[in-house]
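Okay, structure first, notes after.
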Amino acid sequence: MLTLTNVSKIYEGKVAYRALTDISLDIETGEFVAIMGPSGSGKTTLLNIISTNDAPTTGQVEIEGKAPHQLKKNALAKFRRTELGFIFQDFNLLHTLTVEENIVLPLTLDGTRVKEMKEKAHQIAESLGIAAIMKKRTYEISGGQAQRVAIARAMIHQPKLLLADEPTGNLDSKASKDVMAMLEAINKQENTSLLMVTHDPQAASYSDRVVFIRDGKLHSEIHRGESRQAFFQKIIDMLSLMGGDGNDFSSVRV
Amino acid sequence: MTFRQFAFNNVLRNKRLYIAYFLSSMFTVMVVFTFAIFAFHPAFSEGTINQNVLLGMSVAGGIIYVFSFFFVLYSMSSFLQSRKKEFGLLIMLGASNKQIRLMVFLENILIGFFATVGGILTGLVFAKAILLVAENVLIISETLDFYIPTLAIVVTFVSFIFLFFCISIFVSFILRTNKLVDLIKGDKKSKGEPKASIILSVLAALLLIGGYGTAISVEGVYVVYAMIPVVIVVTLGTYLLFTQLSVFLIRLLKNNTSIFWRKTNMLLFSDLSFRLKDNARTFFMVAIISTVAFSAIGSLYGFQSIINGTKDPYSITYSPFLNDSKAIIEEDTNKINAILQEENIDAEMESLELNYYEIAEENALIISASDYNRFASLIVDKELHPEENEAVVVEQSGEAGGIVEDGPKASEWLMEANVQLEDGQELQPKRIVASSVLPTTSDGYYVVNDKDFERLGPPERKDHSVAWKLEEGQKDQIIEAGRKINNLEGDLQYKTFIVDYTIYEINKAYGPILFIGLFIGIVFFVSAGSFLYFRLFTDLDEEKRKFQAIAKIGLTQSELEKVVNQQVAILFFSPIIVALVHGAIALTALSRLFNYNLTVESSLVLGSFAFIQLLYFVIVRYIYVKQVKTVLR
Ligand SMILES: Nc1ncnc2c1ncn2[C@@H]1O[C@H](COP(=O)(O)OP(=O)(O)OP(=O)(O)O)[C@@H](O)[C@H]1O
Ligand SMILES: [Mg+2]
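As they're listed, the protein sequences go chains E and R. Counting along the first sequence from 1, when you hit position 123 you're at 123 in this note's numbering, and nothing is skipped either side. Positions in the second sequence are counted from 1; adding 1000 to them yields this note's numbering.
Below, the structure is given as structure tokens:
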């Protein structure tokens, strides 16, 4: 479903900076992959390239057999809002809109019927537990609620590939468990492929596979076995093996 | 780094943010300075030019100065508005209120200083141009040479440094009221929709309809009485229109999900409603300022064409004083003829005795048909041939451009009364004719058959009138003749009326008014434009952030352009359309005051403004779209 071949990214500037080096990665339809790595290792950069918000310096990206980076601007915009769903690190909600309007935004742009939009929004809001705040404005809701709104918006049009940058970054452990359970459910029920960047081993343990990157290079990957507890332990081990001191990660979760 | 250095660097490093504020301040200074160059021109102070002009110019200068105060204040506050978050952060980092006020104060002084200097320098560049324009609009004999405007520089510099100083103090005072949370969340929280009440919305409609209705239904001098109430009512109506009706409409739209949720509508209208309060204020201000500009320029232009369109069939008319003897009349006409001769003017002259008779307890003028026809043939008009025992009522057709008099028309009472002959026979008038054949000040008179005329008996009062009709194309000579007649000793000048010369004199006196009016009108119109520009660009960063957010989800270029286009178009055209309607109504009222058709003039003035606005829209839209598009990839 998603194939990266030798993707590299060099940030031009006063000093050119090589953020990614020869990344090759394959994701199956319906697979749930987590990406982990120390801060500054290039995770967000990678996600931006996959989400077509940034272009790779060299290498190819293929989604569902299409090469989105080769598309014209308009076609690319359409591609984004039909095939992809995003959950951004900073939510990326529009504060001029209410929660409900934010959720249906991708659909309105495509000219979906109002009734259908209402139904879908309602259904998703129910399942994410945000039905009560649908009429509120974004500055009136908490970070965790905003996160769920962002998830609702990312999945309302049933994208084939859902990309999430630290979806639990702003949440306490209870809330992040809820969010992860939701993402897992979406992944299982809708067979949506999921690619998630995270610092949180707990969150990563919900995935089928964790890919570790370091200094812009693929470091290693581990697959989930039978139990999540064991997977979680393996992730922790890998992190300490990789990063020296585990503070990098524990500091993110308070 | 001291705090003062920090403030200084803040301005220099945030150039882009400050540039709009700086430019509009500079523009204001430039306008005032150009005006000062003109007003302080040596040609005026040497006293060859009318005192009224000087007075008019000081008044205009005052208006422009007061206006620039508010303009700069507005620019300033919208500039501060866009920096709320910055202040919030500074306060959070421990800057005291006093420090922030000091910073804003210093910034303002700095910007103000450079704006003043820059405005004066750019003004100097335009100085020659403005003097040339002035020279042509004003009918003055002197040429307005370029000069070193020391006085203008000093006055402008001092008054603007003073103005910026006051504003800086003023602004640092208003700043302190905000709460920290509000400052930091400032750009997320809508400043709120003004309250919309149905009653007020209806009131808005009623006020506008009432104001418009009155303005276009009154006639003649009543227009003058109605003017101030109508202006107040319409201004209020406009305010309510933008603060109430617009809120009402947007509410309606937002509640109607089938429209609001269609394609890009949500982006467009959510934004409009988010900034409704700011928008309503801007709309109102722009509408009113533009109305002033349109009406000022429109009526000045209208006036001018009314004056120049005044048609009198006779080039010169002479009406002696009541007790002037035949000899004096003879002497006067000879003098006039002599001057006409001197100037080589071809003219035909007719003179006439005007006999007034007592009819229905009033004095009525009665003319014999042959006298009437003599004049009619002079100006090539229709002759009148009343039957014996018939009296024709002639309504003096008002010269276009005269203020329409109040009360019943003269012909009405003339029709009701009847002419009594000496032998007691009565002539009942049967028809009315409108004509301007006779050079008389009477509003109406009778024309009777020559035979009946002889049977009228002795008149109550006698008057005299002499008129000259010139060949076409002797305008310069007649103006020269007019000047000579006016320079004669004695009171001949008060008895003669020379249309072309009078128009020339009026135009001469009117030139400065026209110039000043044009100047103020243009200043207002341009500043209305910069209000709009400010409104748009204050939120540019926020807009960019918004479109960037949407672009990440997927927004095509054409969708973005569509939203931005609609947004800018609504901002630019809704107040201007209102102003155009206001202006059209005002000019209609003016034309009814003078009973003079101003359709061409109004369409020309309003049309040009609409066109300029369109041009302005196209340019600003281009810049804006280009700016916003930078977020698309
Ligand atoms: N626009 C840019 N221009 C230049 N360098 C950049 C740019 N964006 C990121 N970088 C650099 O690329 C490297 C990778 O950045 P990236 O944001 O991908 O890290 P990350 O893995 O997401 O880190 P974190 O976990 O802290 O979010 C960093 O060293 C960063 O400094
Ligand atoms: Mg990151």
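Heads up, the beta-carbon is just placed ideally off N, CA and C, and yes, glycines get one too.
Ligand 2 heavy atom lying under 7 Å from the CB of residue i
i, result
"glutamine 147 of chain E", "no"
"threonine 44 of chain E", "yes"
"aspartate 165 of chain E", "yes"
"glutamine 89 of chain E", "yes"
Coarse secondary structure for residue i, derived from DSSP in three states
i, result
"methionine 238 of chain E", "helix"
"arginine 1592 of chain R", "helix"
"serine 1608 of chain R", "helix"
"asparagine 1009 of chain R", "helix"
"arginine 1262 of chain R", "coil"
"phenylalanine 1537 of chain R", "helix"
"methionine 36 of chain E", "strand"
"glutamine 89 of chain E", "coil"
"glutamate 221 of chain E", "strand"
"asparagine 6 of chain E", "strand"
"alanine 1338 of chain R", "helix"
"glutamine 1428 of chain R", "coil"
Proximity below 8 Å, CB of residue i to CB of residue j
i, j, result
"leucine 84 of chain E", "leucine 161 of chain E", "yes"
"serine 1168 of chain R", "phenylalanine 1105 of chain R", "yes"
"glycine 1211 of chain R", "valine 1223 of chain R", "no"
"aspartate 1332 of chain R", "valine 1499 of chain R", "no"
"asparagine 187 of chain E", "threonine 29 of chain E", "no"
"serine 1315 of chain R", "lysine 1484 of chain R", "no"
"tyrosine 1596 of chain R", "isoleucine 1250 of chain R", "no"
"phenylalanine 1248 of chain R", "alanine 1280 of chain R", "no"
"proline 1429 of chain R", "valine 1392 of chain R", "yes"
"lysine 1552 of chain R", "asparagine 170 of chain E", "no"
"aspartate 1476 of chain R", "serine 1435 of chain R", "no"
"leucine 1340 of chain R", "phenylalanine 1375 of chain R", "no"
Inter-residue spacing [alpha-carbon to alpha-carbon] between residue i and residue j
i, j, result
"valine 1448 of chain R", "tryptophan 1413 of chain R", "17 Å"
"alanine 121 of chain E", "asparagine 1097 of chain R", "45 Å"
"proline 167 of chain E", "serine 39 of chain E", "16 Å"
"valine 1404 of chain R", "arginine 1535 of chain R", "Note on valine 1404 of chain R: pLDDT 47, under 50, position unreliable in the model; the coordinate value appears next. In a straight line, the C-alpha of valine 1404 of chain R is about 45 Å away from that of arginine 1535 of chain R."
"glutamine 1567 of chain R", "lysine 1626 of chain R", "14 Å"
"leucine 239 of chain E", "isoleucine 35 of chain E", "12 Å"
"isoleucine 1359 of chain R", "leucine 1378 of chain R", "29 Å"
"arginine 1461 of chain R", "isoleucine 1329 of chain R", "16 Å"
"aspartate 1406 of chain R", "valine 1218 of chain R", "Residue placement at aspartate 1406 of chain R is flagged as unreliable, the pLDDT there being 49, under the threshold of 50; a coordinate-derived value is accordingly withheld."
"leucine 1080 of chain R", "isoleucine 1111 of chain R", "13 Å"
"isoleucine 235 of chain E", "leucine 218 of chain E", "15 Å"
"alanine 1509 of chain R", "methionine 1026 of chain R", "32 Å"
"glycine 1401 of chain R", "serine 1299 of chain R", "Legend: pLDDT at glycine 1401 of chain R = 44, less than 50; position of this residue unreliable, no value from coordinates given."
"serine 1246 of chain R", "phenylalanine 1022 of chain R", "32 Å"
"alanine 1036 of chain R", "asparagine 1136 of chain R", "18 Å"
"threonine 1538 of chain R", "phenylalanine 1617 of chain R", "17 Å"
"alanine 1204 of chain R", "serine 1558 of chain R", "37 Å"
"threonine 1291 of chain R", "valine 1628 of chain R", "31 Å"
"alanine 75 of chain E", "leucine 1200 of chain R", "48 Å"
"glutamine 1420 of chain R", "alanine 1296 of chain R", "52 Å"
Ligand 1 heavy atom lying under 7 Å from the CB of residue i
i, result
"tyrosine 17 of chain E", "yes"
"histidine 199 of chain E", "yes"
"glycine 59 of chain E", "no"
"tyrosine 256 of chain E", "Chain E is shown only over 1 to 254; residue 256 of chain E falls outside these bounds and no answer can be derived."
"glycine 30 of chain E", "no"
"serine 39 of chain E", "yes"
"tyrosine 1616 of chain R", "no"
"tyrosine 1622 of chain R", "no"
"glycine 1521 of chain R", "no"
"glycine 1094 of chain R", "no"
"tyrosine 1147 of chain R", "no"
"tyrosine 11 of chain E", "yes"
Amino acids of chain B, ordered along the chain, whose beta-carbon sits closer than 8 Å to that of residue i
i, result
"serine 1558 of chain R", "Looking for chain B here will not work: the only protein chains present are E and R."
### Query
Which ranges would you report for the alpha helix (DSSP H) in the region 124-184 of chain E if only whole runs of at least 4 residues count?
143-155
### Message
Report the start-end ranges of each alpha helix (DSSP H) in the region 1349-1405 of chain R that is 4 residues or longer and not cut off at the edges.
### Response
1369-1378
#### Entry: Unbroken stretches of the beta strand (DSSP E), 3 residues or longer, contained in the region 1438-1508 of chain R
1444-1448, 1461-1470, 1496-1498
#### Entry: Ranges of the alpha helix (DSSP H) found wholly within the region 1091-1155 of chain R, counting only runs of at least 4
1097-1137
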